[in-house]
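Reviewing the structure listed below.
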Amino acid sequence: MEYFKSGLKSVLGGPPPGTNPTGAETIEKLISRVSTSTLLEDRRDACRALRALSKKYRIEVGAQGIDVLKQVLELDKTDPEILSYCLDTLCNITSKEVFEEEMESDININVNIGEQFSEMFLKNPDNLPIILSYLEEYDFRVRWPAVKFLISLTTCRPKEVQDIILVSPMGMSKLMDLLAENREVIRNDAVLLLIHLTKSNANIQKIVAFENAFDKLLTIISEEGYTDGGIVVEDCLLLMLNLLHNNTSNINFFQEGSYIQKLAPMLILPDNLEEIGWSPQKVSNFHCVLHLLRTLVSPNNPAQIITSCQKTLRNANLLESLCNILMATGVPADILTETINSVGEVIRGNLTNQEYFANVLAPSSPPRPALVILIMSMVNEKQPFTLRCAVLYCFECFLYKNEIGQELVVQTLLPSSSGNTALTTGQLLCSGLFSSDSLSNWFSAVGLSHCLIENPAQKEQLLRVLLATNLGAQPVTLLSQCGVFLQHTSKLQAKLGILMLVSMWLAHCPAAVKIFVNVPGVMAFLTAQTSASEFDNNAELLQGLCAFIMGLCVLFNDNSVQNYSKENLSQLIEKRVGLETYCKKLNEISRHELYAKAAKQPQIKAKHSSELLLEFEFCKLFKSMEGLIIQALGVQRDLSNGLSELSLSDHENALLLQYKDLIRDQDKKLQDWQRKYNFLEKQYDEVKVQADELRQTNIQLIDQNTLLKAQLSTGASQVTNTVQTAPVEPPPTAVADDHVISLERRQSMENARLKQVEEELAEKTAELESYRRDQDDLLELLTAQDTRMCKFKDLLRQLDALPDEDDSSSDVSDNENESGP
0 MEYFKSGLKS VLGGPPPGTN PTGAETIEKL ISRVSTSTLL EDRRDACRAL RALSKKYRIE
60 VGAQGIDVLK QVLELDKTDP EILSYCLDTL CNITSKEVFE EEMESDININ VNIGEQFSEM
120 FLKNPDNLPI ILSYLEEYDF RVRWPAVKFL ISLTTCRPKE VQDIILVSPM GMSKLMDLLA
180 ENREVIRNDA VLLLIHLTKS NANIQKIVAF ENAFDKLLTI ISEEGYTDGG IVVEDCLLLM
240 LNLLHNNTSN INFFQEGSYI QKLAPMLILP DNLEEIGWSP QKVSNFHCVL HLLRTLVSPN
300 NPAQIITSCQ KTLRNANLLE SLCNILMATG VPADILTETI NSVGEVIRGN LTNQEYFANV
360 LAPSSPPRPA LVILIMSMVN EKQPFTLRCA VLYCFECFLY KNEIGQELVV QTLLPSSSGN
420 TALTTGQLLC SGLFSSDSLS NWFSAVGLSH CLIENPAQKE QLLRVLLATN LGAQPVTLLS
480 QCGVFLQHTS KLQAKLGILM LVSMWLAHCP AAVKIFVNVP GVMAFLTAQT SASEFDNNAE
540 LLQGLCAFIM GLCVLFNDNS VQNYSKENLS QLIEKRVGLE TYCKKLNEIS RHELYAKAAK
600 QPQIKAKHSS ELLLEFEFCK LFKSMEGLII QALGVQRDLS NGLSELSLSD HENALLLQYK
660 DLIRDQDKKL QDWQRKYNFL EKQYDEVKVQ ADELRQTNIQ LIDQNTLLKA QLSTGASQVT
720 NTVQTAPVEP PPTAVADDHV ISLERRQSME NARLKQVEEE LAEKTAELES YRRDQDDLLE
780 LLTAQDTRMC KFKDLLRQLD ALPDEDDSSS DVSDNENESG P
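Residues in the sequence shown are numbered from 0 upward in steps of one, following numbering that gives the first Met the number 0.
Structure representation (structure tokens):
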């Protein structure tokens, strides 16, 4: 510390006797010395002092010195030491980190100073290429701080840095050369820099990949000891993940370049694993490897790439290694969970891989199929929730587009003469389906439903499954027991699981509909739920699913049950529920937030078991069937109305004219709404542009305010140490103070104006949305009325009750309608 003080005295010449210079005064003198001194040694000493002060007084150093430091980088290129000091200082003032020195001071930092100074540095696009040029300097004192400064800039302003580097000649090549750096600290920081640069930028990802990044990263991983290595291995894997995530070009390059085979050593477990255990870093490294494998075979990738990567993973024995990890002992629960998910996606939709997995045996006595062991975990309520979800997803992947696998599971439920008493997958699913644990009910119902997807033969086969409910009682079909269980359980999750299974079963299967409608009390239960008015605790989902099943019973009804024929069920819905109420209940499913979440992706992702109510394949089924159900019920309703109204003959014309007047009135309203909508949309765009301009002005005011505050603190310290008597004009410090007050007042006015505009924007947005909804409602009503009128007109024509002049007038009305907006 004494050395530092003596150094400052030699640079600054020391303060006047009896006074202590403030930090701001010291920094001002140092900045002056850097910019005016002709001796390199003096400039170097001043830069060294600035670096020492840049953490505690980052605002002052940044506000006064950012341009001067940039000037040093341009003019003193031949001196590595002064370059090092400048780069370190710039790195400090642009850092997102809050330093201990800042926390110990009285300075209240209420904005992100690092981001502010990063933005100021990057405003001039010529600044960043200067830093990139120093990556070519081999001197450690220059290259390493240049890398650290780039990391700081990229952390604060990633988009700006990415854009500048993309247009900088050889910019990415200079960065990629750092991966071959023999000084590990520079190489490791280069990996961190590339992690930031490759996030959400497909162009940089492609450039990095084609600059041999995979070769260089895999070499580093090998040298570091694969998954037994340190955090450098994790960083390399994270960079590889960035390069591959949602980038089909890089995935294709990775697969064709035989890089998948080079991942094999990372999945080999040592024989003495139970003795040496899993370090936290090994767990992190292993997670990254598994995420990398899943990125290659993600269901979001194109089918051709998935198939190709799945084949390579099998041929490279990576699928075998994953299955070995599944069956190994001592594997941490989170690693086991992610391995199960990984196995699922490696076999999903690939018959060869699915057959391999079906034959994997657990090292138990006697040996059991791995699938059976996994299902046992799924229906065991003592197992971790995430693990059970992973098992269900893996089971779904095993059944996906796998008719052989679906048949194998269903066969384990059918009567057998082989005398084999071993526990089977089907038996485990049945036991979970009717257990006391609602989560097991849900898991088992969803798992069993996947045996029936696009497989009518197995729907018929599953109807043969009989269950002995009580000792000595007659066995009942599995479907009948589902109907009975549905009426007796009080748990919403269990009910929804059973309803989704029944939905999948009834679709395209009249034989299943015939059995289900005959279950005692089940149709009364469905009708009561569909017509209920409670909407608490996701009850709308239960009511919507019950409505959906009633619709399926109409849609796939072969009229073999007299009391529950297609026509009778339609009448039941219309009279006991009401078509309007029925459609509303049906629509509640797709409007629910859990529907949107479940329909996004096949994998089940939930933080808590209470979130598991709907499932991906059910959402697909509902989406494909909803319109057909409404159409079927609509046709049946119009037919019944037509038959009951055939006797009407006196007021058909009056009724028809009434519909015409209604349509014309609605058409006029629709045009008015359209004009209002266009006007509001124009206003909305104007207000939005105004708000964006005000936000930009506000940002600029904040920048100016930050700089002026720093200058003010410098000026204030000067006034404190100077006695002034009878000034003729305001001192500089007072001018700056007035400027700050004026600036703050202007900023306050701009903020108030911005707030007012944003409130107006929100109001206009809400009003615009209201008009949109009203317009949509009118369009729906107009379409419905037009359809009813056309059908009614056809009936009149069939009865010869429609005069020619009415017919022509109707056509004119229709034409007017079509010309509307």
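C-beta: ideal position from N, C-alpha, C; glycine also.
Same chain, Cβ closer than 7 Å to residue i, five either side skipped, listed in chain order
| i | result |
| --- | --- |
| phenylalanine 555 | Leu505, Ala506, His507, Cys508, Pro509, Val512 |
| alanine 531 | Gln542 |
| asparagine 211 | none |
| asparagine 314 | none |
| threonine 488 | Lys494 |
| isoleucine 289 | Strictly speaking, residue 289 in this sequence is leucine, with isoleucine absent from that position. Taken in chain order, the residues that qualify are Glu337, Thr338, Ser341. |
| isoleucine 230 | Gln280 |
| leucine 462 | Thr476, Leu478, Ala510, Ala511, Ile514 |
Outcome for residue i when other beta-carbon atoms lying within 10 angstroms are tallied against a minimum of 16
| i | result |
| --- | --- |
| arginine 387 | buried |
| glutamine 473 | exposed |
| arginine 590 | exposed |
| glutamine 699 | exposed |
| cysteine 789 | exposed |
| arginine 32 | buried |
| glutamate 822 | Residue 822 lies beyond the stretch modelled for the chain, which goes from 0 to 820, so this question has no answer here. |
| arginine 50 | buried |
| leucine 29 | buried |
| glutamate 579 | exposed |
| isoleucine 275 | exposed |
| aspartate 138 | exposed |
| arginine 156 | buried |
| glycine 425 | buried |
Beta-carbon separation (whole angstroms), residue i vs residue j, contact threshold 8 Å
| i | j | result |
| --- | --- | --- |
| glycine 256 | phenylalanine 213 | 7 Å |
Alpha-carbon spacing of residue i relative to residue j, whole angstroms
| i | j | result |
| --- | --- | --- |
| glycine 482 | methionine 522 | 9 Å |
| phenylalanine 98 | lysine 55 | 7 Å |
| asparagine 537 | lysine 596 | 15 Å |
| glutamate 692 | phenylalanine 116 | 22 Å |
| arginine 43 | threonine 226 | 45 Å |
| proline 144 | lysine 198 | 22 Å |
| methionine 624 | isoleucine 514 | 21 Å |
| proline 362 | alanine 421 | 16 Å |
| leucine 350 | proline 455 | 19 Å |
| isoleucine 112 | tryptophan 441 | 51 Å |
| arginine 47 | leucine 217 | 39 Å |
| arginine 575 | leucine 620 | 26 Å |
| glycine 577 | glutamate 354 | 49 Å |
| leucine 121 | valine 141 | 20 Å |
| asparagine 241 | asparagine 126 | 27 Å |
Coarse secondary structure for residue i, derived from DSSP in three states
| i | result |
| --- | --- |
| proline 414 | coil |
| alanine 595 | helix |
| alanine 690 | helix |
| proline 368 | strand |
| alanine 605 | coil |
| leucine 613 | coil |
| alanine 357 | helix |
| valine 475 | strand |
| leucine 268 | coil |
| leucine 462 | coil |
| methionine 171 | helix |
| arginine 772 | helix |
| tryptophan 143 | helix |
| phenylalanine 98 | coil |
| arginine 313 | helix |
| threonine 154 | helix |
| arginine 182 | coil |
| alanine 510 | helix |
| cysteine 450 | coil |
Cut-off 6 Å between Cβ atoms - residues of its own chain near residue i, not counting five sequence neighbours on either side
| i | result |
| --- | --- |
| alanine 467 | Pro474 |
| threonine 25 | none |
| valine 166 | none |
| proline 885 | Here the chain covers residues 0 to 820 and nothing more, so residue 885 does not appear. |
| cysteine 545 | Leu525, Gln528, Thr529 |
C-beta neighbour in chain C for residue i, strict 7 Å
| i | result |
| --- | --- |
| alanine 315 | Annotation note: the requested chain C is absent from the structure, which comprises a single protein chain. |
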